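Worksheet: the structure to be examined is printed underneath.
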Amino acid sequence: MIARRAAITLLPILALGACGQRAEPAVAVANNSTPAPTAAAATPIARPAPAPTAILTCRAQIGAAAAAAKVATCRNVSPATHPPCNAANSCALIDDEIARSCALFAGDGAPMAGCTVDPKSAKAAADVVRRYYDAIGARDYATAWAQWGENGRPGQTLEGFTRGFADTRAVRVTIGTPGQGDAAAGSMYQPVPVTVDATLADGRRQRFIGTYVLRRVNDVDGASAAQLRWHIDSAKLRETPPAAQ
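Residues 320 to 564, numbered by my numbering, are exactly what the sequence shown covers, in order.
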């Protein structure tokens, strides 16, 4: 039986701050600075550049041609009046709309072009984790936050979640083979193993390994379309030495 709601530990890029407070990294960034001397230094002290804040567009992430193809798929499958199928958005946001739309119409005849993944499959669950980190890497924190479910990460506002990434410059996830799924109390649970590599604004690198658990309602009558989709339920990660460059 998969442990439910395991505590998320050891990952600054998961924004673990309490609601309404500044999110502090779970792995504390050592603050070894001392008060500035009263006399002016002859040479200004070099400080790391702050992490960028603007959302990366899909066009900037994967190139104009690949972004245009992704946008075309999004427009083909989305039933929304004003879908976010625009290369000026992050790739994660476009991919999320594709996944949402494919799940919405799953089982209604032959799959639409672009709907190649069974929305109930372990691969679909792993894709949620991939989109989560793709969104973080693009600094699209609203899309990342939404991968925790309709109301975002429990116990944390979007603003608090976003503040937790102030010192994160880049992040990358490597997803392993999903483990055996589990069912309980009308829900399905799917573990997804990951290795996460992060680069902080000061250039330091961190690596974490562990498992995300994805959850979806198991086709219960009256469940909403959002409840029937996979979303992040919990995560348990631990720090490990970063890979040598």
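Quick reminder that beta carbons are idealized off the backbone N, C-alpha and C, glycines included. Keep in mind that this is a model prediction, so the values were computed, not measured.
Which ranges would you report for the beta strand (DSSP E) in the stretch 454-533 if only whole runs of at least 3 residues count? 487-494, 501-503, 506-519
Closest Cα partner of A485 within the set R458, I417, P402: On the sequence shown, position 166 is the one that residue 485 refers to. Looking at the Cα atoms, R458 is the closest of the given residues.
Please classify R557: does DSSP put it in a helix, a strand, or coil? If you number the sequence shown from 1, residue 557 lands on position 238. Here R557 sits in strand by DSSP.
I551, DSSP secondary structure in three states: Here residue 551 is taken as the residue at index 232 of the sequence shown, counted from 1. Note: I551 maps to strand in three-state DSSP.
If R491 sits next to G529, beta carbons under 8 Å apart, how far is it from one beta carbon to the other, in whole angstroms? Position 172 of the sequence shown holds residue 491. Position 210 of the sequence shown holds residue 529. At roughly 15 Å, the Cβ-Cβ gap does not stay under 8 Å, so R491 and G529 are not in contact.
Looking at C-alpha atoms only, which residue of A465, K555, A562 is the closest neighbour of A517? For the purposes of this step, residue 517 is taken as the residue at position 198 of the sequence shown. Selected option, being the one with the closest Cα: A562.
Supposed close pair G500, A441 - CB separation, criterion 8 Å: Here residue 500 is taken as the residue at index 181 of the sequence shown, counted from 1. Here residue 441 is taken as the residue at index 122 of the sequence shown, counted from 1. That belief holds up - the Cβ atoms of G500 and A441 are roughly 6 Å apart, short of 8 Å.
Which first and last residues belong to the alpha helix (DSSP H) in which A562 is found? In the sequence shown, counting from the first residue as 1, residue 562 sits at position 243. Run containing A562: none; DSSP gives neither H nor E here.
Hey, how far is the Cα of N568 from the Cα of P560? Any answer about residue 568 is impossible in this case: the structure gives the chain only from 320 up to 564.
Measure the alpha-carbon distance for L423 versus W464 and round it to whole angstroms. Position 104 of the sequence shown, counted from the first residue, corresponds to residue 423. Position 145 of the sequence shown, counted from the first residue, corresponds to residue 464. Cα to Cα, the separation comes out at about 21 Å.
Helix, strand or coil, according to DSSP, for V448 in the structure here? Residue 448 sits at position 129 when you count from the first residue of the sequence shown. It is helical.
Could you tell me which uninterrupted alpha helix (DSSP H) segments, each at least 4 residues in length, are contained entirely in the stretch 397-446, listed from first to last along the chain? 410-423
From this set, S543, G471, Y452, which residue's C-alpha is nearest S409's C-alpha? As a first step, residue 409 is located in the sequence shown; it is residue number 90 there, counting from the start. If we check each option's Cα against that of S409, Y452 comes out closest.
Beta-ladder partner(s) of V536, from DSSP: Sequence index remark: in the sequence shown, residue 536 carries index 217 (1-based). DSSP lists S506 as partners of V536.
Simplified DSSP assignment, three categories, for T372: In the sequence shown, the residue the question calls residue 372 occupies position 53. Note: T372 maps to coil in three-state DSSP.
Secondary structure of A545, DSSP reduced to three states: Mapped onto the sequence shown, residue 545 falls at position 226. In the structure shown, A545 sits in coil (DSSP, three-state: anything other than H, G, I, E or B).
Option in D415, V515, G433, A542 with minimal Cα separation from Y531: Translated into the one-based positions of the sequence shown, residue 531 becomes position 212. Checking every option, the nearest Cα to that of Y531 belongs to V515.
Around the C-beta of G471, are 16 or more other C-beta atoms found within 10 angstroms, so that it is buried, or is it exposed? Taking the first residue of the sequence shown as 1, we reach residue 471 at position 152. With 16 or more Cβ atoms within 10 Å of its Cβ, G471 is classed as buried.
Inspect the beta-carbon positions of C421 and I413 and report whether they are closer than 8 Å. Along the sequence shown, one-based indexing puts residue 421 at 102. Along the sequence shown, one-based indexing puts residue 413 at 94. Taking 8 Å as the Cβ cut-off, C421 and I413 do not qualify as a contacting pair.
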